[in-house]
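Chains as they are written, first to last, in the UniProt record's numbering: chain A, 1 to 205; chain B, 1 to 205.
Before any comments, here is the structure.
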DNA sequence: GCCCGATGTATACACTGCGCACATTAGGAG
DNA sequence: CTCCTAATGTGCGCAGTGTATACATCGGGC
């Protein structure tokens, strides 16, 4: 179904299309559904065509992880920008957990295997995201940093995300209640005094 | 290599042997290495023999997870028993992280996929372990509970374990330094005043 | 002594990752 | 315009996997 019909032999941008297809497969089911053949099928291309752009399956998964880290970073940046002073730790935490819940398979893929030895791109993308997390907010004009995130902030929030993904957090799977739980836990553990109502969430679905 | 030689046709306890073989494969490499055929090979048995005891691969993995939760529970109980008063949160946390680092593939398997809908045994085993975590210590004779673990304790420690497994914790991969980092983080976030020297660890290798 | 259910084997099929040779195309040199 | 070359995609094949089905073998009850 390719060479004799009018279908173009060259795809144009198969590399990007493979990423898209793999992401779709991830969202639709889970990592097990991401096979190079399924990706090729979805791109309307021969089973081995993706190998021209990704040397092996690990490379495709690594590219997916990189994409995820970029997206997570953007989400965190978007969440921290309009945050009211003093609510930054909560907004960031909620955005982090939201991202995990919105992209469960991708989030698991990003943190599943040790990334150190292989694929430096993944490590780099992860570190760039981590920089957003560990950075203190810039000065807000008064000259003093808006808020400092304690050293345990990331482990706490990452644990909340992982356990929420695993379904082991109380309050079932409702997003609003998980939002509230994240807010309560983070404020309690990080000692932010301002506690007014439910967090506003971060705009992500 | 089976029916005509003197080798016994029936294995005796293949169910347990499959579990052992699968655990060995997990420790030697990772979850990807656990195939039913490899398990059967290692048990010296036909490729399809395990299906007599586990209806499909998921069932085997679920049994592995159950085993892991039991083992983790025992480890936590062992760690909490000889703990000095006021050091319980730290000892438990270190034991939890140690278990993750000692059995990386199994730990990931235990928390990889949402366990709610399928395999109630896994959920039950996980909840029994969770009970050890969330329970307050019994009275120590004086009538007052030794220590209360705050609500965010588990997410924090689970996050520490996950990130340590992922290689994203500072201090490289050295166990002693991770021990100290866990101790520092947990005491800082959970507000336990007693801070004397490095934690003793929990006796696990 | 004989039969039956439990246990393990044999065979088969679809699917996967991946290596190899080949076909097709785009784009520049003449 | 023609031809050559490298990038890109196809076809085919191999080994390994999960799983279904039919068959062989064993141990315990009548």
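Yeah, the Cβ is synthetic: ideal placement off N, Cα and C, and Gly gets one too.
Under 8 Å Cβ-Cβ, which residues of chain B neighbour residue i?
i                    : result
residue 18 (chain A) : Correct list: empty, because the minimum Cβ distance to chain B is about 21 Å.
Compare the C-beta of residue i with all C-beta atoms of chain B and state if any pair is closer than 8 Å.
i                     : result
residue 195 (chain A) : With a pLDDT of only 42 at residue 195 (chain A), under 50, the local geometry of the prediction cannot be trusted, and the value read off the model is given with reservation. It does not; no Cβ of chain B falls within 8 Å.
residue 107 (chain A) : no
residue 114 (chain A) : yes
residue 69 (chain A)  : no
Residues of chain A with CB closer than 8 Å to the CB of residue i, please, in chain order.
i                    : result
residue 57 (chain B) : Ordered by position in chain A, no residue passes the 8 Å Cβ test against residue 57 (chain B), which lies about 11 Å from the chain.
So with Cβ pairs under 8 Å, would you call residue i a contact of chain A?
i                     : result
residue 166 (chain B) : yes
residue 158 (chain B) : yes
residue 93 (chain B)  : no
residue 163 (chain B) : yes
residue 155 (chain B) : yes
Using the rule of at least 16 other Cβ atoms within 10 Å of the residue's Cβ for burial, across every protein chain shown, is residue i buried or exposed?
i                     : result
residue 191 (chain A) : exposed
residue 199 (chain B) : Per-residue confidence for residue 199 (chain B) stands at a pLDDT of 44, beneath the threshold of 50, marking its modelled position as unreliable; the derived number appears in the next sentence. Label assigned to residue 199 (chain B): buried.
residue 134 (chain B) : exposed
residue 58 (chain B)  : exposed
residue 152 (chain A) : buried
residue 88 (chain A)  : buried
residue 56 (chain B)  : exposed
residue 108 (chain B) : buried
residue 86 (chain A)  : exposed
residue 32 (chain B)  : exposed
residue 29 (chain A)  : exposed
residue 143 (chain B) : Note that residue 143 (chain B) has pLDDT 49, beneath the 50 cutoff, so the model's placement of it is unreliable and the number below is only indicative. Exposed.
residue 174 (chain B) : exposed
residue 90 (chain B)  : buried
residue 17 (chain B)  : buried
residue 179 (chain B) : buried
By the criterion of Cβ-Cβ separation under 9 Å, what are the contact partners of residue i in chain B?
i                     : result
residue 150 (chain A) : 185, 188, 189
residue 126 (chain A) : 166, 168
Would DSSP call residue i helix, strand or coil?
i                     : result
residue 115 (chain B) : coil
residue 85 (chain A)  : coil
residue 54 (chain A)  : coil
residue 11 (chain A)  : coil
residue 183 (chain B) : helix
residue 159 (chain A) : helix
residue 135 (chain A) : coil
residue 43 (chain A)  : coil
residue 103 (chain A) : coil
residue 30 (chain A)  : coil
residue 169 (chain A) : coil
residue 20 (chain B)  : helix
residue 176 (chain A) : helix
residue 150 (chain B) : coil
residue 91 (chain A)  : helix
residue 68 (chain A)  : helix
residue 126 (chain B) : helix
Can you tell which of the options has its C-alpha closest to the C-alpha of residue i?
i                     : options                    : result
residue 131 (chain B) : B:20, B:73, B:14           : B:73
residue 20 (chain B)  : B:42, B:37, B:158          : B:42
residue 164 (chain A) : A:126, A:110, A:98, A:33   : A:98
residue 13 (chain B)  : B:50, B:156, B:157         : B:50
residue 114 (chain B) : A:81, A:17, A:161          : A:161
residue 76 (chain A)  : A:180, A:95, A:62          : A:95
residue 36 (chain A)  : A:64, A:129, A:60, A:182   : A:60
residue 156 (chain B) : B:187, B:176, B:171, B:170 : B:187
residue 78 (chain B)  : B:40, B:167, B:92          : B:92
residue 64 (chain A)  : A:176, A:52, A:122         : A:122
Beta carbon of residue i: closer than 7 Å to some heavy atom of the ligand HEM?
i                     : result
residue 119 (chain B) : Ligands displayed in this structure: none; no statement on the ligand HEM is therefore possible.
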